[in-house]
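Below is one structure, written out as structure tokens; the observations come after it.
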Amino acid sequence: MTASRWGAGFAAVGRFVSEIEAAAANNGSLRPGYVLAGDEVFLLDRCRAAVLKAFVQPDLRDFCLSDLDLATTSIFEVLDHAQTPSLMAPFQVIFVRNVRQLYTRGAKKDEFAALDRYFRSPNPQALLLFVADFLRIPSDARRMDMDDKNRFERLTETLGQHCGMVELARVNEEDAMRWIVSRRRKPRSASSPTPRANWWTLSGRT
Numbered sequence: 002m003t004a005s006r007w008g009a010g011f012a013a014v015g016r017f018v019s020e021i022e023a024a025a026a027n028n029g030s031l032r033p034g035y036v037l038a039g040d041e042v043f044l045l046d047r048c049r050a051a052v053l054k055a056f057v058q059p060d061l062r063d064f065c066l067s068d069l070d071l072a073t074t075s076i077f078e079v080l081d082h083a084q085t086p087s088l089m090a091p092f093q094v095i096f097v098r099n100v101r102q103l104y105t106r107g108a109k110k111d112e113f114a115a116l117d118r119y120f121r122s123p124n125p126q127a128l129l130l131f132v133a134d135f136l137r138i139p140s141d142a143r144r145m146d147m148d149d150k151n152r153f154e155r156l157t158e159t160l161g162q163h164c165g166m167v168e169l170a171r172v173n174e175e176d177a178m179r180w181i182v183s184r185r186r187k188p189r190s191a192s193s194p195t196p197r198a199n200w201w202t203l204s205g206r207t
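In the numbering used here, the protein residues as written are 2 to 207.
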């Protein structure tokens, strides 16, 4: 997928998926962390699916995949988890939700200092994915709400200094239809949902 054919969200996810697949095949480098920025559920699902396919073996899923929530788990615990090698799996994938907890009232100096220390010497056998779904990125970035723009800039200035930024911009109707058409051209199993059902379900649109 190229930016000239697809919208910003599809293009960003296409680059992310290509980077993940290349790293899994030892044909490219993997960053120690990524920020999945935006509330487009459909694109977030595509990112998650690509990571699971590349790095999470089904029989080791319970040992190598973690979904942590900053509403109940501190960033210090998250980083300790990432830094600790797993005895049961060769690689760890850690999704971190409620990232907005890092940007609530207060300077959070200790938290960002801990992140800086970790990313200066990250565990090469762990991948951190920060789900920043507390902001909305429209398909046309020029129309981004000022509050969301400030949040995005803050993300870029902090986590973005260490992680790859993946902008999950909202998918417009034109790109949605292109995706449906492209999926229809590909063979699928009888148990797979139709592209239209898949799109509307994952997007939460009715």
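Ideal Cβ positions, reconstructed from N, Cα and C, are used throughout, including at glycine.
Check: residue i C-beta below 8 angstroms from any heavy atom of the ligand FMN
i      : result
Asp146 : Inclusion of the ligand FMN in the displayed structure is not the case, the ligand content being empty and no account of it being possible.
Alpha-carbon spacing of residue i relative to residue j, whole angstroms
i      : j      : result
Ile138 : Met145 : 6 angstroms
Glu78  : Arg185 : 44 angstroms
Arg6   : Arg179 : Per-residue confidence for Arg6 stands at a pLDDT of 39, beneath the threshold of 50, marking its modelled position as unreliable; the derived number appears in the next sentence. Taking the straight line joining both Cα atoms gives about 9 angstroms.
Arg72  : Leu37  : A small fix is needed here, since residue 72 is Ala in this sequence, not Arg. Cα to Cα, the separation comes out at about 18 angstroms.
Arg106 : Phe135 : 15 angstroms
Val18  : Gln58  : 17 angstroms
Leu53  : Leu129 : 13 angstroms
Ser67  : Ser122 : 21 angstroms
Ala90  : Phe153 : 34 angstroms
Glu175 : Ser140 : 11 angstroms
Arg62  : Arg98  : 18 angstroms
Val42  : Arg16  : 17 angstroms
Exposed unless 16 or more other CB atoms sit within 10 angstroms - verdict on residue i
i      : result
Ala13  : buried
Glu182 : The displayed chain sequence assigns Val, not Glu, to residue 182. It is exposed - the Cβ of Val182 has fewer than 16 other Cβ atoms within 10 Å.
Ala133 : buried
Asp148 : exposed
Asp60  : exposed
Arg47  : buried
Contact set for residue i: own chain, Cβ-Cβ below 6 angstroms, skip 5 residues either direction
i      : result
Leu44  : Gly10, Val14 and Leu169
Ala127 : Ala83 and Gln93
Ala23  : Gly29
Cβ-Cβ distance between residue i and residue j below 9 angstroms
i      : j      : result
Tyr104 : Leu156 : yes
Arg171 : Gly34  : no
Phe131 : Val100 : yes
Proximal residues to residue i (C-beta, below 8 angstroms), its chain only, five neighbours per side dropped
i      : result
Leu116 : Ile76, Leu80, Thr159, Leu160 and His163
Ala114 : none
Neighbourhood of residue i by C-beta, 7 angstroms cutoff - its chain only, sequence neighbours within 5 removed
i      : result
Glu112 : Ile76 and Leu103
Rounded Cβ spacing between residue i and residue j (contact assumed at less than 8 angstroms)
i     : j     : result
Ala50 : Ile21 : The Cβ separation is near 10 angstroms, so there is no contact.
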